[in-house]
Structure formats: C-alpha cells, structure tokens
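Here the structure is laid out as structure tokens; the discussion comes afterwards.
There are 2 protein chains.
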Amino acid sequence: MAKQADTKTRGSRTGRPVMALLDLLGRRWSLRILWELRGEPLTSRALRTACDEASPTVLQARLTELREAGFVELGEGGGYGLTPLGRELCATFMPLHRFAERWRR
Amino acid sequence: MAKQADTKTRGSRTGRPVMALLDLLGRRWSLRILWELRGEPLTSRALRTACDEASPTVLQARLTELREAGFVELGEGGGYGLTPLGRELCATFMPLHRFAERWRR
DNA sequence: TCCTTTGCTACATTTATTGTAGCGATACGC
DNA sequence: GCGTATCGCTACAATAAATGTAGCAAAGGA
Numbered sequence: 000m001a002k003q004a005d006t007k008t009r010g011s012r013t014g015r016p017v018m019a020l021l022d023l024l025g026r027r028w029s030l031r032i033l034w035e036l037r038g039e040p041l042t043s044r045a046l047r048t049a050c051d052e053a054s055p056t057v058l059q060a061r062l063t064e065l066r067e068a069g070f071v072e073l074g075e076g077g078g079y080g081l082t083p084l085g086r087e088l089c090a091t092f093m094p095l096h097r098f099a100e101r102w103r104r
Numbered sequence: 000m001a002k003q004a005d006t007k008t009r010g011s012r013t014g015r016p017v018m019a020l021l022d023l024l025g026r027r028w029s030l031r032i033l034w035e036l037r038g039e040p041l042t043s044r045a046l047r048t049a050c051d052e053a054s055p056t057v058l059q060a061r062l063t064e065l066r067e068a069g070f071v072e073l074g075e076g077g078g079y080g081l082t083p084l085g086r087e088l089c090a091t092f093m094p095l096h097r098f099a100e101r102w103r104r
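Protein chains in written order, with numbering that gives the first Met the number 0: chain Z, 0 to 104; chain P, 0 to 104.
Below, the structure is given as structure tokens:
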C-alpha cells in the first residue's frame, strides 16, 4: 500500500473531496454525532448519553476530527455544537430520517 | 450494557430506525459502496477497484449487510447494483457531492 | 473546603479492518 | 478435452480501531 503523508484523508486518493467526506462520515459515530447535535449544543457527557454511552475515547477522537473538518465547535461556555457549515452538512442528510422511517429494516 | 438478541442493530436501542440506518452507513466503506454503485452495476472486482482496492473481506461483509438491508442486490448475470430502495437512499445523500466540492477540507 | 461537572486521557481488552492468498463455479478460445 | 480467465466469495494472520473502565486537571457552586 502506498503510504501518504496525510493519513487522515484515507479514501481521497482520487483527489475528489467527496471521497474524503465519505471517509470521514463513514467512521463509527461520526454520522450519529452530527445527528445528535442537530438541535441544541450538548456537553461531552450529554452527547455520550445521547450516543448510547459510546466510549469517550472514540467520541473524543470523532469530535476532534469533526472540529478539524469545521463541522463542530466547542462553545465558549462549554458544550459542543454545529458550526454553520456543520449545520448545512447535517441538513443534507436529514432526509435520511424520513427514509429510515419508511425502511424500518 | 443491555444485551440484545440482534447484534446487527447496534445503535438502534432506542428503537428509532434512523439509528440503525446511521449505524449501518457508519461502517467503513458502506457509504463509499453505495456511492460507487450509484451509476451502473459493478462486478465485485470492479467495485473493489473503484474503492481503492479495499480488502475483499470488508467489501464482502458490507455487501452482505447492504443486501440484507435491501439496498443492494446481486444481478442474475453477476454484478452488484442498487435496488430501487438503495437508489432512493443513494439519492438522499447525493447532495453531499456538491457540499463536498464547496468544502474541500 | 468539599462536591460536582466540565473536557479530556490512559490503558488493557475486544472487535473490526487489512492484505494476501486462494477456493469452486462458470465461461471462454483452442 | 485443456488451459485460462473471470465470477462471487472465503481463510487467515497481522494490524488498526473501538470498547469499557477508570481517572486526570480545571472551573464553578455551595
């Protein structure tokens, strides 16, 4: 496997940004975190509760990645919230909600 | 942690189907596979090539999951393609393409 | 001061993914 | 028939990621 300088952009070897985005969102809890933050900001622990008590290790890792991507930010008074960009991203896959209701596995 | 009979539906403990969907899509290569199949059907090896030579182990695992979910099907003459449902799902997060172009990390 | 909560981290265990190789089945040309 | 190529799919050891539990320092309230 060809080593790249930036290991954070797996799946973006084609240079197409959608691949990088798909890769970032395709990590465990990424989509869920964005989903849970769609409303008001949550503290790290409230987020953890919302995410079925996912381990703080991954949550913290995902939050860092999502922050570096510019989708999530840590408010001054504490608590994680979506940036305008993150809110926009969240809106793009919000139709999944209705889709999932019809799907129901 | 409360054990459930169905371990495949992690993240759906709330009973909300969107959680199950978010969890399924939040596994490595799930989103990418749907993305690559958005056009014409691909053989398992063509899909592997499209997915940056991802290991056939995961690809096969994801394909099985996506098939069980009813999003992907194996055509009679060979080759994987999206079901009408899968095509619908794919369409819901297709706006990500344009979003990613504006984002560009 | 004591107690609580904040964001965040250590670390050992468990699970998932990777990379490589190869299977049986099917279909070609020769 | 024979070799060769492809199909979907699997085994398996090595590596990377996630889990679960515990706990840190800092900030704030009582």
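The C-beta atom is built at its ideal place from N, Cα and C for all residues, glycine as well.
Find the residues of chain P that neighbour residue i, judging by a C-beta separation of less than 7 Å, and give them in chain order.
i       : result
Z/Leu88 : Phe98
Under 8 Å between beta-carbons, which chain Z residues line up against residue i? List them in chain order, please.
i       : result
P/Val17 : Trp34, Leu95, His96, Ala99 and Glu100
P/Thr91 : Phe92, Pro94, Leu95 and Phe98
Who are the neighbours of residue i on chain Z, taking C-beta pairs under 7 Å?
i       : result
P/Arg61 : Correct list: empty, because the minimum Cβ distance to chain Z is about 10 Å.
Please go through the same chain and pick out, in chain order, the residues whose beta-carbon is closer than 8 Å to the beta-carbon of residue i, but skip the five residues on each side of it.
i       : result
Z/Leu36 : Leu46, Val71, Tyr79, Gly80, Leu81, Gly85 and Cys89
P/Arg66 : Glu72 and Leu73
P/Thr91 : none
P/Trp28 : Cys50, Ala53, Val57, Leu58 and Arg61
Z/Pro55 : Ser43 and Arg47
Z/Gly77 : Thr42
P/Leu95 : none
Z/Met93 : Arg37
Under 8 Å Cβ-Cβ, which residues of chain P neighbour residue i?
i       : result
Z/Thr56 : Going along chain P, no residue has its Cβ under 8 Å from Z/Thr56, so there is no contact; the nearest lies around 16 Å.
So, at 7 Å on beta carbons, what are the nonlocal neighbours of residue i in its own chain, with the 5 sequence-adjacent residues on each side left out?
i        : result
Z/Lys7   : Its pLDDT being 35, under 50, Z/Lys7 is placed unreliably in this model, and the value from its coordinates should be taken loosely. Excluding sequence neighbours, Z/Lys7 sits near nothing in its chain.
P/Ala68  : Leu23
P/Gly74  : Pro40 and Gly80
Z/Arg31  : Cys50
P/Arg26  : Arg61
Z/Arg15  : none
P/Glu64  : Leu23
P/Arg101 : none
Z/Gly38  : none
Pull up the DSSP beta-bridge partners for residue i, would you.
i       : result
P/Gly80 : P/Glu72
P/Leu41 : P/Tyr79
Within the same chain, show all residues whose beta-carbon is closer than 6 Å to that of residue i, passing over the 5 residues directly before and after it, in chain order.
i        : result
P/Pro105 : This structure cannot speak to residue 105 of chain P, because chain P is shown only from 0 to 104.
P/Leu33  : Cys89
P/Met0   : Residue placement at P/Met0 cannot be trusted, given a pLDDT of 27 that sits under 50; the coordinates are not used to answer.
So which residues of chain Z does residue i contact, with C-beta pairs closer than 9 Å?
i        : result
P/Arg105 : Lying outside 0 to 104, the shown extent of chain P, residue 105 of chain P is not represented and no answer is given.
Check distances from the C-beta atoms of the stretch 23-41 of chain Z to those of chain P and list, in chain order, the residues that come in under 8 Å.
-> From the stretch 23-41 of chain Z, only Leu24, Gly25, Arg26, Arg27, Trp28, Ser29, Leu30, Arg31 and Trp34 have a Cβ closer than 8 Å to chain P.
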